[in-house]
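A.B. asks: In our numbering, the protein residues as written are 1 to 364.
Ideal Cβ placement from N, Cα and C applies to all residues, glycine included.
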């Protein structure tokens, strides 16, 4: 038994020594294979050292920092270019109303008519009196001519002739007075037709047919809507920026998503003491939309940035450790604070070390 146990121990020791040699031999073989296979890590390292990569050439293109503008969006609403209140100049009963709310007054601008019965009777009475006076004038003229001949032949007294001349002159003056009265009645007759400017629209209607109107009573509100007016209240800085745009400015109609052209027509020489702003009116004369009041318009005005911000290309910003930098042409970093986006892939930045006119690299 002892011999058998000793034999097993010898066999086990021999097998363990063989396995260790195989493992070492295998590792050596792998290392030899690795060093001889093309494309291996060692070969690549050798090739990289033999053929170094060309150095990266940075762009030297520069730009000039421009002063940033603070964009102000002002909202206004369209209204009639002109508006007025129609008032009755005569008292009377409303005969008919030809214009309703939203209607456009016709060629003659007629809105309503009053009953003209009594004014026509007054006019007829006036003309009857004129006809009688003309008859009296003809008679007095004949009498005056006859007495002139009698006085010339000394067959009548001069006082009789003077009375005839006086009667003729009195009849003539009465006729002239009635003629003036006729003109007044004719003018009043025109006032019985309530007229407004042709092409204007009825905004509000106050009367109905058959209603009695007194002199001075309102009958309608009308406005001119073929041209629109948009009032704005601007600060002094906004007004100066608006003047720099010229007489024609761009307005956006937010409700219908359209952009139109308008021009400055009125600028108040004073200012509103409560808001301390200047009243400016813009006029819209053309546009492919319904001309009416109450359309929301937006006026964009670019104002100088009070903080001294500048506009830089997006590619000029270098981000490192959550901060942004610009690179000068001599490769010096200038830290900036990013404020936001601007037009055409640019950014608004600010820094105490940057001012408009400074030059930086476009793509550092």
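With distances taken from CA atoms, which of 171, 129, 121, 234 is nearest residue 144?
C.D. replies: Out of 171, 129, 121, 234, 171 has the C-alpha closest to the C-alpha of residue 144.
A.B. asks: Pairs of beta-carbons, one from the stretch 248-259 and one from the stretch 286-294, closer than 8 Å: are there three or more?
C.D. replies: Short answer: they touch.
A.B. asks: Does residue 184 come out as helix, strand or coil in the three-state DSSP assignment?
C.D. replies: Note: residue 184 maps to helix in three-state DSSP.
A.B. asks: Leaving out the 5 sequence neighbours to the left and right, which residues in its chain are closer than 7 Å to residue 29 when beta-carbon positions are compared?
C.D. replies: Residue placement at residue 29 is poorly supported in this model, since its pLDDT is 39, which falls under 50; the coordinates still yield a value, given next. Excluding positions up to five away in sequence, the list is empty.
A.B. asks: Between the alpha carbons of residue 348 and residue 272, how many angstroms are there, rounded?
C.D. replies: One C-alpha to the other measures close to 34 Å.
A.B. asks: Identify, in the order they occur along the chain, each residue of the same chain with its Cβ nearer than 7 Å to the Cβ of residue 72, setting aside the five sequence neighbours on each side.
C.D. replies: 238, 301, 303, listed in sequence order.
A.B. asks: Going by other Cβ atoms of all chains shown within 10 Å of its Cβ, with 16 needed for buried, is residue 186 buried or exposed?
C.D. replies: Residue 186 is exposed by the Cβ-count criterion.
A.B. asks: Which of the three DSSP states is assigned to residue 261 in this structure?
C.D. replies: Note: residue 261 maps to strand in three-state DSSP.
A.B. asks: Per DSSP, what are the beta-bridge partners of residue 284 in this structure?
C.D. replies: DSSP output for residue 284 lists 228 as bridge partner(s).
A.B. asks: Output yes or no for whether 8 Å exceeds the beta carbon distance between residue 362 and residue 62.
C.D. replies: Cβ atoms of residue 362 and residue 62: closer than 8 Å.
A.B. asks: For residue 346 and residue 339, I'd like the C-alpha separation in whole angstroms.
C.D. replies: Cα to Cα, residue 346 sits roughly 11 Å from residue 339.
A.B. asks: In the DSSP assignment, the alpha helix (DSSP H) including residue 242 goes from what residue to what residue?
C.D. replies: 236-244 is the span of the alpha helix (DSSP H), which, as asked, contains residue 242.
A.B. asks: Taking 8 Å as the threshold (C-beta atoms), are residue 113 and residue 193 in contact?
C.D. replies: Contact flag set, yes.
A.B. asks: Grouping DSSP H, G and I as helix and E and B as strand, with all else coil, what is residue 206?
C.D. replies: Here residue 206 sits in coil by DSSP.
A.B. asks: Measure the C-alpha to C-alpha separation of residue 296 and residue 263 and round it to an integer number of angstroms.
C.D. replies: Taking the straight line from one Cα to the other gives about 17 Å.
A.B. asks: For residue 124, count neighbouring Cβ atoms within 10 angstroms of its own Cβ and tell me buried if that reaches 16, exposed if not.
C.D. replies: That one is exposed.
A.B. asks: For residue 164, which three-state DSSP category applies?
C.D. replies: Three-state result, residue 164: helix.
A.B. asks: Express the C-alpha separation of residue 90 and residue 200 in angstroms, rounding to a whole number.
C.D. replies: So the alpha carbons of these two residues sit roughly 22 Å apart.
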